[in-house]
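Those sequence lines, one after another, are chains V and B.
Under our numbering, the first residue of the first sequence carries the number 71, and numbering increases by one thereafter.
Under our numbering, the first residue of the second sequence carries the number 116, and numbering increases by one thereafter.
All residues carry an ideal CB built from backbone N, CA and C; glycine is no exception.
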Amino acid sequence: MQSKGTLKMLSKQELKSESAESWGHGSLPFVLEDDISKQALLLTELSKKVINMGQLRRIASQGIPDGAGIRSTVWKLLLGYLAPDRSLWSSELAKKRSQYKHFKEELLMNPSEIARRLEKTTVLNNDNGKSESRCVLSRSEITHGEHPLSLGKSSVWNQFFQDSEIIEQIDRDVKRTHPDLHFFSGDSSLAKSNQEALRTILTVFAKLNPGIRYVQGMNEILAPLFYIFKNDPDEEMAACAEADTFFCFVELLSGFRDHFCQQLDNSVVGIRSTITRLSQLLKEHDEELWRHLEITTKVNPQFYAFRWITLLLTQEFNFADSLHIWDTLLSDPEGPQETLLRVCCAMLILIRRRLLAGDFTSILKLLQNYPPTNISHLLYVANKLRGQPSR
Amino acid sequence: MGAYRADDDYDYLFKVVLIGDSGVGKSNLLSRFTRNEFSLESKSTIGVEFATRSIRVDDKIVKAQIWDTAGQERYRAITSAYYRGAVGALLVYDVTRHVTFENVERWLKELRDHTDANNVIMLVGNKADLRHLRAVATEDAKGFAERESTFFMETSALESMNVENAFTEVLAQIYRVVSRKVLDVGDDSTYFPKGQTINVGSRDDVSAVKKAGCCSS
């Protein structure tokens, strides 16, 4: 939270948003009313036989009220996992969930199991008599290529050892996902099973996408999706959260996957080019601030925006606030990236006074620890950056 | 705390980078040194993080600007930009995971590719508190450090063991290099090839000698 000392340094505009923040959640009647009306609007929209996506995006972009599992359904619609036509839901969900089950069975198999199956088919072909025994392979029967100590490229074990490096990395990061939330962290069985789900999804994704595999930070993008779907009050939805999260994660990442790909770092779709676009956006809308940051103090936008953009702002704000930002990102019909860049630009503009007064060190510290902000106000400012530059 | 205010009260500003594999404890070493904090379950670092702390060396105030980088291979292309202007490095491995020690060689190569030869490097074996899980012998690391002419220390960010020493030693060594250079006007050919100056950064750069006025290249 802001201390009184820092509050003094806030601009008038920021102060306004600060005090709005301090009113807290729902303690103002109109905030509550606003949430209730939004909830009613969304529920009405969701109950239609065929959902009007334009309408849904419009309402959802203002923020989806917590509770009633609305966000869970709306995000699935926004990510295209659920079709607008409700009559298709149950069959499509069943299909996807069974597909995910299949992925797991195929991809998460232990190599000794693969070797056993391989051997079993060989045995079946060569020797009809012994095929029924479920015994572990005897050493002499293992083909050289499939021996655990074989370094041959074709060895499933070689693949396994490569995978295990990735799996260890996934494991380390899953354990470090939202250490402040009981849902993800700690020794409870809830946290343990949720971590297991994150681990499985990331492993399946890594194996299905050998060009990208697992990149640190993917856990942070996965976490909000799983959290929302797992907490759906609809029990069936909650029970299938892992499968649903997997497909929504793939969909969400498809718009950003190039940021995770080292080979594309210097290409027009890579992370550097996206960061440059943020810089250009700032220059268009606030050239004085842009000049101060990039020319005067030489703060390379990579030093802060790399994390902002790669993690879709999940590490810059508290969890509830990042969910609110995601409502807006996911609602944009152009896809989340343009909105993301506008929000990042608005983050800079909102604290421009402090940035303009800072030197390299103080600016970087401020941007790497972004101060608590009224999110609705931030999104409002971001939305005003659409289209023509304001100055 | 005047966290957002520039504290200008220093004689030297040195940029130091923390490198090493993912999960070896770089971020905790940084938070232990700069804020005396440790967290068993801290988030993984994406991109770069940054903290400062000033210490006294001889009668001078040395401000360390310490950069903490992501450990995963994928991020190395990006983090190479963060090496610019660095005059010191802590190359961290985890004494309980041998693979992180094996990778030290690659990190060292990358560091030497991106920074000046006079960069002060300290090899740091972290998590030394986990005695029963030790997988890298102190002697092995010491031998490696001697061969590669780097400094070496084992630390525990958790127990706050040697963390202060490791950073302070690196900063003091950098200070020694820089102050010697000021005194000798770059004439010490046993330390520095003739005509080569220690790259502690130009005035525009991050690591700059503030009042010594030596870097008017």
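{"Check": "Neighbourhood of residue 299(V) by C-beta distance below 6 angstroms, restricted to the same chain and skipping five residues each side", "Outcome": "142, 311, 314 and 315"}
{"Check": "Beta-carbon neighbours of residue 370(V), restricted to chain B and to distances below 8 angstroms", "Outcome": "196"}
{"Check": "Neighbourhood of residue 352(V) by C-beta, 7 angstroms cutoff - its chain only, sequence neighbours within 5 removed", "Outcome": "359, 360, 415 and 418"}
{"Check": "Chain-order list of residues whose beta-carbon lies under 7 angstroms from that of residue 282(V) (same chain, five-residue window excluded)", "Outcome": "327, 330 and 331"}
{"Check": "Residues bridged to residue 276(B) [DSSP beta-bridge criterion]", "Outcome": "271(B)"}
{"Check": "Per-residue DSSP class, three states only, for residue 136(V)", "Outcome": "coil"}
{"Check": "For residue 241(B): DSSP bridge partner residues", "Outcome": "209(B)"}
{"Check": "Three-state secondary structure (DSSP) of residue 164(B)", "Outcome": "strand"}
{"Check": "Proximity winner among 154(B), 248(B), 283(B) and 207(B), relative to residue 136(B) (alpha-carbon distances)", "Outcome": "207(B)"}
{"Check": "Opposing strand residues paired with residue 360(V) [DSSP bridges]", "Outcome": "None; residue 360(V) has no bridge partner."}
{"Check": "Where residue 95(V) falls, given that 16 or more other Cβ within 10 Å makes a residue buried", "Outcome": "Below a pLDDT of 50, predicted positions are generally treated as unreliable, and residue 95(V), at 40, falls in that range; the measurement from the model is reported next regardless. With fewer than 16 Cβ atoms within 10 Å of its Cβ, residue 95(V) is classed as exposed."}
{"Check": "Check whether residue 284(V) and residue 345(V) have beta carbons under 7 angstroms apart", "Outcome": "no"}
{"Check": "Closest residue to residue 129(V) among 452(V), 340(V), 430(V) and 402(V) (Cα-Cα distance)", "Outcome": "402(V)"}
{"Check": "Cβ contact (3+ pairs, closer than 8 angstroms) linking the stretch 267-278 of chain B and the stretch 231-244 of chain B", "Outcome": "yes"}
{"Check": "Backbone secondary structure at residue 302(B) - three-state DSSP", "Outcome": "In this prediction, residue 302(B) scores a pLDDT of 43, lower than 50, which makes its location untrustworthy; the coordinate-derived value is nonetheless stated afterwards. Reduced to three states, the DSSP call for residue 302(B) is coil."}
{"Check": "Cβ-Cβ distance between residue 72(B) and residue 252(B) below 7 angstroms", "Outcome": "With chain B running from 116 to 332 in the structure shown, residue 72(B) is simply not present."}
{"Check": "CB-CB length for residue 167(B) against residue 198(B), believed under 8 angstroms", "Outcome": "So it is not a contact: roughly 18 angstroms between Cβ atoms."}
{"Check": "N- and C-terminal bounds of the beta strand (DSSP E) containing residue 127(B)", "Outcome": "127-134"}
{"Check": "Same chain, Cβ closer than 7 angstroms to residue 176(B), neighbours up to 5 away in sequence not counted", "Outcome": "124, 125, 126 and 169"}
{"Check": "With 16 other Cβ atoms within 10 Å as the buried cut-off, status of residue 134(V)", "Outcome": "buried"}
{"Check": "Classification of residue 165(V) by the beta-carbon crowding that lies within 10 angstroms, buried from 16 upward", "Outcome": "exposed"}
{"Check": "Where residue 388(V) falls, given that 16 or more other Cβ within 10 Å makes a residue buried", "Outcome": "exposed"}
{"Check": "Endpoints, the beta strand (DSSP E) within which residue 184(B) is located", "Outcome": "175-184"}
{"Check": "Chain V within 7 angstroms of residue 167(B), Cβ atoms only", "Outcome": "yes"}
{"Check": "Spatially closest choice to residue 127(V) from 263(V), 120(V), 117(V) and 112(V), by CA coordinates", "Outcome": "112(V)"}
{"Check": "Neighbourhood of residue 433(V) by C-beta, 8 angstroms cutoff - its chain only, sequence neighbours within 5 removed", "Outcome": "363, 367, 369 and 425"}
{"Check": "Near-chain V residues of the stretch 123-148 of chain B (beta-carbon distance less than 8 angstroms), N- to C-terminal order", "Outcome": "137 and 138"}
{"Check": "Opposing strand residues paired with residue 204(B) [DSSP bridges]", "Outcome": "132(B) and 236(B)"}
{"Check": "Of the listed residues 146(V), 342(V), 442(V) and 107(V), nearest to residue 371(V) (C-alpha basis)", "Outcome": "342(V)"}
{"Check": "Residue 83(V) versus residue 291(B) - alpha carbon distance", "Outcome": "Note that residue 83(V) scores a pLDDT of 41, beneath 50, so its modelled location is shaky; the value from the coordinates is reported in the next line. Roughly 48 angstroms separates the two Cα atoms."}
{"Check": "Contact set for residue 378(V): own chain, Cβ-Cβ below 7 angstroms, skip 5 residues either direction", "Outcome": "386 and 414"}
{"Check": "Distance CB(residue 400(V))-CB(residue 148(V)) smaller than 7 angstroms", "Outcome": "yes"}
{"Check": "Selected residue, minimal CA-CA separation from residue 291(V), among 266(V), 382(V), 237(V) and 355(V)", "Outcome": "382(V)"}
{"Check": "Cβ-based contacts, 7 angstroms cut-off: residues of the stretch 372-387 of chain V near chain B", "Outcome": "372, 373, 376, 377, 380, 381 and 385"}
{"Check": "Contact list for the stretch 431-450 of chain V against chain C, Cβ threshold 7 angstroms", "Outcome": "No chain C is present in this structure, whose protein chains are V and B."}
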